[in-house]
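Notes follow once the structure below has been shown.
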Amino acid sequence: MTGLTIALPKGALYGKSVVRLRAAGIAAPEDPGRRLFFDTNDGTRLLFLRPTDVPAYVEFGAADCGIVGKDVLWETDRSVCELADLEFGPCRLVVAAHRASRYHEGAPLPTFLRVATKFTQTAEAYFAERDLSVQLIKLHGSVELSPLVGLADLIVDLTETGTTLREHDLTILDTIGKSTARLVVNPVRFRAKYESIVALLARLNGGISPPFESMVR
Amino acid sequence: MRVPVGVRDWLPDELARKRALETILRGVFERWKYQEVQTPGLERYEVLEAGIGQNLSKQVFRLTDRSGSQLVLRPEMTMPIARLVSTRMREATLPLRLSYVQPVYRYEEPQEGRMREFTEAGLELIGTADADTDAESLFSAVEALDAVGLRMVRYDINHVAIIEGVLTGFGYAGDALHDVKRLIADRNLVDLRALANAHADAAHGEMLVRLTMSRGQEEILRAVRPLVVTEAGYAGIDRLADLLARARARGLQERIWIDFSLLRSLAYYTGIVFEGYVEELGFSLLGGGRYDTVLPRFGFNAGAVGWSTSVERLLIALERRTVCGELQFA
Chain D
1 MTGLTIALPK
11 GALYGKSVVR
21 LRAAGIAAPE
31 DPGRRLFFDT
41 NDGTRLLFLR
51 PTDVPAYVEF
61 GAADCGIVGK
71 DVLWETDRSV
81 CELADLEFGP
91 CRLVVAAHRA
101 SRYHEGAPLP
111 TFLRVATKFT
121 QTAEAYFAER
131 DLSVQLIKLH
141 GSVELSPLVG
151 LADLIVDLTE
161 TGTTLREHDL
171 TILDTIGKST
181 ARLVVNPVRF
191 RAKYESIVAL
201 LARLNGGISP
211 PFESMVR
Chain F
1001 MRVPVGVRDW
1011 LPDELARKRA
1021 LETILRGVFE
1031 RWKYQEVQTP
1041 GLERYEVLEA
1051 GIGQNLSKQV
1061 FRLTDRSGSQ
1071 LVLRPEMTMP
1081 IARLVSTRMR
1091 EATLPLRLSY
1101 VQPVYRYEEP
1111 QEGRMREFTE
1121 AGLELIGTAD
1131 ADTDAESLFS
1141 AVEALDAVGL
1151 RMVRYDINHV
1161 AIIEGVLTGF
1171 GYAGDALHDV
1181 KRLIADRNLV
1191 DLRALANAHA
1201 DAAHGEMLVR
1211 LTMSRGQEEI
1221 LRAVRPLVVT
1231 EAGYAGIDRL
1241 ADLLARARAR
1251 GLQERIWIDF
1261 SLLRSLAYYT
1271 GIVFEGYVEE
1281 LGFSLLGGGR
1291 YDTVLPRFGF
1301 NAGAVGWSTS
1311 VERLLIALER
1321 RTVCGELQFA
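Residue numbers (my numbering), protein chains in the order written: chain D, 1 to 217; chain F, 1001 to 1330.
This is the structure:
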């Protein structure tokens, strides 16, 4: 009986999330299908969301906690507590260019480049840190296409193995960050539902952690 | 014609409810012998900067008048009151007990319980530094929310010197100390563990994570003592134990909990801090604490403790309680 509402990301992280939840004793459905939410027998409510919507549900308290990729957290200012690195769904956010372009790994980049990405906030911070003014082009999919057709000079995009990038003759110039799935929680709910959340965290980590008091003496 | 983002009108029946709630709060403030003050909605930017540095600047509505002076729409009430006390009330007999119920303005993404204009109500107790006044501040807050009908609110309390006393023992100082405190306050356990492992070793990292997750009463105060190495940290433990004992004596043991990661604004609080919340809402209802270094920055050598709540948030909490009982889907 957790009594928790947990926001789950549909898509790439869903399958692994289900495996972890089931190992923790929460009977999540293999496929959410057309359902928007699902109540398990032990009193847990699961919400099935677009990955980018998970932080908003958790910040507003519509969900107590959620599973979401670190890449989504980079792009949001939502204040949620990052309780655990669940270590599945690894991927990297990289800067890439066409193999035939003038841009290469380790070489300094010129200013005023056109950069296509879904990750505009992270990209902006990355280039600002390097004092490079760039023109960001926000795309919602098929970012790899943009350098091939002359829309952009560079892309900033996620890659798991690099295969898709290679297939499109793109080469990685730099890695901005590494992402894995995280357990996030609403700051107030962490306190209001403390026992349930601490128990969930322990079960997701595959064991009961000793309380702080028992570590000290 | 629409109103700007994040602000609202109050129609007669809505305003009647808001006024009724404010009347109850003012009644409690009077019972505790606090005198109400008003300050202008516009303040000079320096006033804010003097009190809290650049921290709030992203959330502040700034404007420039025709002579080029930098002004702000006040984002909170403690700095205006610090200015008032350190200038026009300099000669007043201490301690001073001041209350306010006034709109404040913050440039934030609006959402439930977070508007760009909201009514802040609170108390400031100025010119004292003793444990009695910590208790007065917390219990006046509890009484105010009880009086409006929010008897289920729970309060987390902490003393900010405790975590600093532990971190000093682990060798943190300067920027590293600030960074690790930020991660603890945000309860970002992933980055906290990584930072602690890089700084010291995995055992320290695990201890900090456990400390950040901990929550309890006397037992966790006893447990933290061997980890603290500073005099201020020991004093903080004693002060918190004293407050907890007083809460128990008032029959509040089911409603008051210690959370060592509750630090609130890092640049601001120097002693006891507290926050009130209910299970139904994802945001806190009330917050406060001791800020002994703020008034000295205004050239007025006095400690102070205070708290504030948002009238709009209290209305939301009351509505949730009475209308829904439980969140409903479709």
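Backbone N, C-alpha and C fix where the C-beta goes; we use that ideal spot for every residue, glycine too.
query: Contact with chain D by Tyr1277 of chain F, beta-carbon distance below 8 Å; result: yes
query: Outcome for Trp1307 of chain F when other beta-carbon atoms lying within 10 angstroms are tallied against a minimum of 16; result: buried
query: Contacting residues, own chain, Cβ-Cβ under 8 Å from Thr40 of chain D (five flanking each side not counted); result: Ile26, Ala27, Ala28 and Leu46
query: Rounded straight-line distance, which links the Cα of Met1089 of chain F to that of Phe1061 of chain F; result: 27 Å
query: Cβ neighbours of Leu1295 of chain F in the same chain (closer than 8 Å, five flanking residues each side left out); result: Ala1082, Val1085, Ser1086, Ile1126, Asn1301, Ala1302, Gly1303 and Ala1304
query: Classification of Lys193 of chain D by the beta-carbon crowding that lies within 10 angstroms, buried from 16 upward; result: buried
query: Nearest-angstrom beta carbon gap, Gly89 of chain D and Leu13 of chain D [assumed within contact, 8 Å]; result: 5 Å
query: Rounded separation between Ala1330 of chain F and Phe37 of chain D - CA only; result: Residue confidence for Ala1330 of chain F is low, a pLDDT of 30 falling below 50, so the modelled location carries little weight; the figure read from the coordinates is stated next. Ala1330 of chain F and Phe37 of chain D: Cα-Cα distance of roughly 11 Å.
query: Where Trp1257 of chain F sits in the DSSP three-state scheme; result: strand
query: CB contact below 8 Å: Gly162 of chain D versus chain F; result: no
query: Local Cβ density within 10 Å of Lys118 of chain D, reported as buried at 16 or more and exposed below that; result: buried
query: 7 Å CB neighbourhood of Lys1033 of chain F in its chain, flanking five on each side removed; result: Arg1097
query: Uninterrupted beta strand (DSSP E) stretches inside the stretch 56-98 of chain D (no shorter than 3 residues); result: 65-69, 81-85 and 91-98
query: Ile155 of chain D in three-state terms, based on DSSP; result: strand
query: Selection from F:Glu1254, F:Arg1154, F:Met1077 and F:Asn1158 that minimises the alpha carbon distance to Asp1331 of chain F; result: Summary: the structure shown does not reach residue 1331 of chain F, with chain F confined to residues 1001 through 1330, and so no result is reported for it.
query: Enclosing beta strand (DSSP E) for Val184 of chain D [first to last residue]; result: Ala181 to Val185
query: C-beta contact flag for Ser1265 of chain F and Gly1276 of chain F at 8 Å; result: no
query: Test: Ser1099 of chain F CB closer than 8 Å to a CB of chain D; result: no
query: Bridge partners - Ala1147 of chain F, DSSP secondary structure assignment; result: Paired residues: none, contrary to the question.
query: Tyr1045 of chain F and Val1072 of chain F closer than 8 Å at C-beta; result: yes
query: Beta-carbon separation (whole angstroms), Leu1221 of chain F vs Leu1021 of chain F, contact threshold 8 Å; result: 35 Å between Cβ atoms; not a contact.
query: Beta carbon proximity, Leu4 of chain D to chain F, threshold 8 Å; result: no
query: Contact list for the stretch 64-98 of chain D against chain F, Cβ threshold 7 Å; result: Cys81, Glu82, Leu83, Ala84 and Asp85
query: Own chain partners of Leu1189 of chain F with C-beta closer than 6 Å, once the 5 adjacent residues on each side are dropped; result: Val1209
query: Stretch-stretch touch, CB-based, cutoff 8 Å, three pairs: the stretch 101-116 of chain D with the stretch 143-152 of chain D; result: yes
query: Helix, strand or coil at Ala1020 of chain F [DSSP, three-state]; result: helix
query: Partners in chain A for Gly1287 of chain F, counting only beta-carbon separations shorter than 9 Å; result: The displayed structure is made up of protein chains D and F, and chain A is not among them.
query: Closer than 8 Å to chain D by CB, Asp1156 of chain F; result: yes
query: Per DSSP, cross-strand counterpart(s) of Phe1274 of chain F; result: F:Ile1157 and F:Gly1288
query: Spatial distance of Pro32 of chain D from Val18 of chain D (CA atoms); result: 10 Å
query: Lys178 of chain D: contacting residues in chain F (beta-carbon distance under 9 Å); result: Per Cβ cutoff of 9 Å: no residues; Lys178 of chain D is ~12 Å from chain F at best.
query: Helix, strand or coil at Asp1013 of chain F according to DSSP, with G and I counted as helix; result: helix
query: Neighbouring residues, chain D, relative to Glu1254 of chain F (Cβ below 8 Å); result: In chain order: nothing, as chain D lies at least about 14 Å away.
query: Whole-angstrom distance between Asp71 of chain D and Arg1225 of chain F, CA atom to CA atom; result: 39 Å
query: Option in D:Leu200, D:Gly43 and D:Thr164 with minimal Cα separation from Arg92 of chain D; result: D:Thr164
query: Selected residue, minimal CA-CA separation from Ala97 of chain D, among D:Leu49, D:Glu167, D:Cys81 and D:Glu87; result: D:Glu167
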